[in-house]
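Engineer:
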Amino acid sequence: MPHSQEPRTGRFAPSPTGDLHSGSLVAALASWLHARQQGGAWLLRVEDIDPPREVAGSAASILAALSRLGLQADAAPLYQSQRGDAYATALQRLRDAGHAFPCWCSRSDLDAAHAIHHELHRDGHCFTPRRGDREPAWRLRVPDTVIEFDDGLQGAQRQNVRSEVGDFVLKRADGLWSYQLACVVDDAFQGITEVVRGCDLLDSTPRQILLQCLLGLPTPAYLHLPLAVDGGGRKLSKSTDAPAIDACDPRNALAQALRFLGQDVPDASDVATMLQFAAQDFDLAPLRGMTASAVDA
Ligand code: GLU
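Take any residue in the sequence shown, count from 1 to its spot, add 19: that is its number in the numbering used here.
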């Protein structure tokens with residue numbers, strides 16, 4: 020494949036909620052192969068914005084496993100826990116432009132209402148009375164437009180974010196930043212041009228593209244990989260206790276992830292050579308149109 024003119028930059032953005040498992044290794048490896056095949060850079064971002072869900076030590080363990088697998092980044096990892104000022108600046112810009120509004124609904128109000136954007140929120144306003152005893156959440160005033168994009172594997176996508184998602188949260192009432200806002204601000208900050216990640220995030224992408232438009236940020240190319248599922252069709256994730264990959268046997272872990280991605284496994288005695296050959300030959304064709312595939316655990 021010819022190298023494109025523009026410098027390309029990919030990334031892997033794990034949440035530190037457990038060890039690296041085979042499902043997340045697939046995303047890490049595919050993003051690395053895709054970036055390297057284009058002669059591009061590859062960066063890491065630790066998405067540690069949700070302390071209640073964080074597992075102590077897992078960020079370090081994920082980074083150590085990636086390094087043992089030969090998946091070296093071109094810069095020090097970015098930690099989202101250090102990026103609050105940048106998220107606050109983005110929220111302020113959205114507020115100044117009239118794109119964000121405060122929401123005083125409690126979780127029980129929302130649970131009771133179910134269709135949040137029809138009953139408690141209309142036309143970008145929250146109808147729950149202001150409460151003096153706590154901070155509000157901040158939501159995006161989502162316009163009634165259809166967001167379209169062409170996914171590198173899943174093809175043409177379209178979503179009316181207003182009718183299908185509603186006025187989504189940017190900052191929670193407890194002060195935590197939303198994944199959508201943090202992801203968009205940091206993809207732009209890190210100069211990401213290629214987002215390669217699992218299909219479970221396909222329906223977040225229109226929200227992210229909408230935020231990029233409203234914040235005047237560039238939109239990267241998106242490529243959503245089939246989800247790694249177990250024999251019973253369940254998504255492999257840290258929350259379903261997927262086994263951590265065996266970083267003591269990195270060649271075998273890489274071989275398994277390459278097979279999942281439908282790639283040949285190069286015959287090489289070390290991970291660096293294996294990765295180099297795999298990047299040269301990386302071919303998306305076996306993955307096209309697949310949304311899920313079983314991984315041999
Ligand atoms: N942190 C997310 C996860 O671990 C990935 C976010 C992304 O790639 O945009 O599922």
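Even for Gly, the Cβ is constructed at its ideal location relative to N, Cα and C.
1. Using a threshold of 8 Å, is the CB atom of Y198 nearer than that to any non-hydrogen atom of the ligand GLU?
2. Please check the pair S41 and D67, which I expect to be a contact at CB under 8 Å, by giving their CB distance rounded to whole angstroms.
3. Please report how far the alpha carbon of S43 lies from the alpha carbon of A272, in whole angstroms.
4. In angstroms with no decimal places, state the Cα-to-Cα distance between P155 and D222.
5. Ordered along the chain, which non-local residues of its own chain (more than five positions away) have a Cβ less than 7 Å from that of Y241?
6. Pick helix, strand or coil for F168, following the three-state DSSP scheme.
7. Once you ignore the five residues that flank H136 on each side, which residues in its own chain have a CB closer than 6 Å to its CB?
8. Could you give the residue range of the beta strand (DSSP E) that holds Q176?
9. Does P26 pass the burial test, meaning 16 or more other C-beta atoms within 10 Å, or should it be called exposed?
10. What is the rounded straight-line gap between the Cα of L110 and the Cα of G174?
11. My output table needs one value for C232: the three-state DSSP class, helix, strand or coil.
12. State yes or no: is the C-beta of P148 nearer than 8 Å to some heavy atom of the ligand GLU?
13. How far does the alpha helix (DSSP H) with F208 in it reach, from first residue to last?
14. Return helix, strand or coil for L88, following the three-state DSSP convention.
15. DSSP puts G308 in a beta bridge; with which residues?
Structural biologist: Working from what's here:
1. Counted from its first residue, the sequence shown places residue 198 at position 179. Y198 Cβ: within cutoff of the ligand GLU.
2. On the sequence shown, residue 41 is found 22 positions in, with the first residue counted as 1. On the sequence shown, residue 67 is found 48 positions in, with the first residue counted as 1. Actually they are not in contact, since the Cβ atoms of S41 and D67 sit about 22 Å apart, beyond 8 Å.
3. Walking along the sequence shown from the start, residue 43 turns up at place 24. Walking along the sequence shown from the start, residue 272 turns up at place 253. Approximately 12 Å, taken between the alpha carbons.
4. Numbered from its first residue, the sequence shown carries residue 155 at position 136. Numbered from its first residue, the sequence shown carries residue 222 at position 203. So the two alpha carbons sit approximately 26 Å from each other.
5. The residue given as residue 241 occupies position 222 in the sequence shown. Cβ within range, chain order: F168, D170, G171, V214, T224.
6. Within the sequence shown, the letter at position 149 stands for residue 168. Residue state, collapsed to three classes: strand.
7. The count along the sequence shown starts at 1 and reaches residue 136 at position 117. With a pLDDT of only 49 at H136, under 50, the local geometry of the prediction cannot be trusted, and the value read off the model is given with reservation. Correct list, in chain order: G185, D186.
8. The residue you call residue 176 lines up with position 157 of the sequence shown. Counting along the chain, the beta strand (DSSP E) containing Q176 begins and ends at 174-179.
9. Your numbering for residue 26 matches position 7 in the sequence shown. P26 is exposed by the Cβ-count criterion.
10. Taking the sequence shown and counting its residues from 1, one reaches residue 110 at position 91. Taking the sequence shown and counting its residues from 1, one reaches residue 174 at position 155. Whole-angstrom Cα-Cα distance: 31 Å.
11. Your numbering for residue 232 matches position 213 in the sequence shown. Helix, per DSSP.
12. Indexing the sequence shown from 1 puts residue 148 at position 129. For the ligand GLU, not one heavy atom lies less than 8 Å from the Cβ of P148.
13. Counting from 1 along the sequence shown, the entry for residue 208 is found at position 189. First-last of the alpha helix (DSSP H) with F208: 198-208.
14. In the sequence shown, counting from the first residue as 1, residue 88 sits at position 69. It is coil, neither helix nor strand.
15. Walking along the sequence shown from the start, residue 308 turns up at place 289. None; G308 has no bridge partner.
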